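Visitor: If you use the UniProt record's numbering, the sequence shown corresponds to residues 1 to 60, in order.
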Amino acid sequence: MISNMNNDEFLVQEFDIPCCPKCGSYLSKNLCVDDTFVESSHMKKQKDYIDFINIKLQAF
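(1) Express the C-alpha separation of Asn7 and Met43 in angstroms, rounding to a whole number.
(2) On the DSSP letters alone, give me the boundaries of the alpha helix (DSSP H) that Asp35 sits inside.
(3) If I follow the unbroken alpha helix (DSSP H) through Asp8, where does it start and stop?
(4) Give me whichever residues DSSP pairs with Tyr26 in a beta bridge.
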């Protein structure tokens with residue numbers, strides 16, 4: 001994602017944004033910015049998320 005970023009405008013290409021394999025929605029990080037932050041159960045799956053992102057990156 002970073003290597004394909006437009007350095008002048010700091011924009012990423014749409015195809016670099018990871019998508020959910022089930023529904024196609026864009027994935028976003030679990031940020032503690034509002035009441036949608038879920039910590040305990042999802043943090044246990046952090047390695048699975050990182051592995052998923054790395055597999056997608058290897059496809060390019």
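Backbone N, C-alpha and C define an ideal beta-carbon position, used for all residues, glycine too. Values in this document were obtained by computation on a predicted structure and should not be read as measured data.
Guide: Let me lay it out:
(1) Position 43 of the sequence shown, counting from 1, holds the residue named residue 43. Position 7 of the sequence shown, counting from 1, holds the residue named residue 7. Met43 and Asn7: Cα-Cα distance of roughly 31 Å.
(2) Against the sequence shown, residue 35 aligns to sequence position 35. Where Asp35 is concerned, there is no enclosing alpha helix (DSSP H), given that its DSSP letter is neither H nor E.
(3) Sequence index remark: in the sequence shown, residue 8 carries index 8 (1-based). Neither: Asp8 is in no alpha helix (DSSP H) and is coded neither H nor E.
(4) Within the sequence shown, residue 26 is the residue found at index 26, counting from 1. Its beta-bridge partners are Cys19.
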